[in-house]
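K.L.:
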Amino acid sequence: METSTVATTIPPIPHLIGERISLRAYRDDDADALFALYGDPDVTRYWSHEPWTDRQQVIAHFKRLRRERETSEFYPWAIASNTNDGLIGTVALYELDRTHQRGMIGYSLSPSAQGHGYAHEALRLMIGHAWNGLDLQRLEADTDPENIPSRRLLEKLGFLLEGTMRKRWFVHDTWHDTSWYGLLREDFR
Ligand SMILES: CC(C)(COP(=O)(O)OP(=O)(O)OC[C@H]1O[C@@H](n2cnc3c(N)ncnc32)[C@H](O)[C@@H]1OP(=O)(O)O)[C@@H](O)C(=O)NCCC(=O)NCCS
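Following my numbering, the numbering of the sequence shown begins with 52 at its first residue and continues without gaps.
(1) Mind checking whether the beta-carbon of residue 8 lies closer than 6 Å to any heavy atom of ligand 1?
(2) So what does DSSP say about residue 201, is it helix, strand or coil?
(3) Assuming residue 94 is part of the alpha helix (DSSP H), what are its boundary residues?
(4) Say whether the region 179-194 touches the region 143-156, bearing in mind that this needs 3 or more beta-carbon pairs closer than 8 Å, one atom from each stretch.
(5) So, do the region 103-111 and the region 82-89 have three or more beta carbon pairs nearer to each other than 8 Å?
(6) Alpha carbon to alpha carbon, how far is residue 223 from residue 128? Give it in angstroms, no decimals.
(7) When you compare only the Cα positions, how much space is there between residue 196 and residue 228?
(8) Can you pull the DSSP bridge partners for residue 155?
(9) Please determine whether the Cβ atom of residue 179 lies at a distance below 6 Å from any heavy atom of ligand 1.
What follows is the structure, given as C-alpha cells:
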C-alpha cells in the first residue's frame with residue numbers, strides 16, 4: 052500500500068509596505084520598544100494580560116512566537132515607521148482557520164504614535180493580505196466595549212458589531228465583557 056506524507060509548511064511572515072508604515076516580522080532589536088509598549092498600563096488597559104514588568108517577558112514572548120510558528124500558522128507583525136523602521140506598534144492575525152477561511156486580529160500602537168491613522172493604515176495592509184494573500188473571507192476582533200478608540204478603528208474599516216459576550220475576560224482584578232466584531236470580505240471599504 053502506498054503512503055504519502057503531506058508536508059505542512061508555514062508561510063513566512065510577509066513584509067507589507069504602506070505609505071507611512073510597514074508591517075514586518077519582529078527583530079531581536081525590537082525588544083526595548085516592545086517592552087515599553089506592552090509594559091505601558093495605558094496600552095494594556097483593555098488587554099488580556101497585565102502590563103509587562105520584566106524585560107525577560109519580551110525574550111520569552113519572542114521564543115514562544117518562534118516555537119509556535121514552527122507548527123501553526125499565524126502572523127505576528129511589528130508596525131514599523133517608514134522613517135527609521137523602528138517598532139511603533141503591533142498587529143497580529145491569529146487563530147487562522149483555513150477550512151472556514153477566517154482569522155482573528157489584534158493591534159496596538161505606542162501612545163506617541165496614536166492619533167495619526169497608523170493603526171488604520173496597518174490594518175488595511177493586513178486585511179489586504181488576509182483577502183488576497185491568504186484567501187480569507189472573514190476576520191474577527193474581540194474588544195472591550197469601553198475601548199472606544201479600538202471600536203472606532205474597527206467600525207471605520209467596516210467591521211460590524213455582532214454581539215456582546217458577558218464576562219469573557221478576568222483581568223486587572225475584574226471581569227470584562229467583549230464586543231465581538233466581524234468583517235466579511237464584501238464589507239471591507
Ligand atoms: C486601538 C488603537 C490602536 C487605536 O489607535 P489610533 O491612533 O486611535 O487609531 P488610528 O491609527 O486609526 O488613528 C485614528 C486617529 O488618528 C486621526 N488621524 C490623523 N491623521 C490620520 C490619517 N492620515 N488617517 C487616518 N486617521 C488619522 C484620526 O482622526 C483618528 O483620531 P480620532 O480617534 O480622534 O478621530 C490604540 O488606541 C491602542 O493602541 N490602544 C491600546 C491597545 C488596544 O487597546 N488595542 C486593541 C485591543 S482589542
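Built from N, CA and C at the ideal position, the CB exists for glycine as well.
P.N.:
Based on what the coordinates show:
(1) With the chain running from 52 to 240 in the structure shown, residue 8 is simply not present.
(2) helix
(3) Looking at the DSSP string, residue 94 is not in any alpha helix (DSSP H), and its letter there is neither H nor E.
(4) yes
(5) yes
(6) 26 Å
(7) 7 Å
(8) 145 and 191
(9) no
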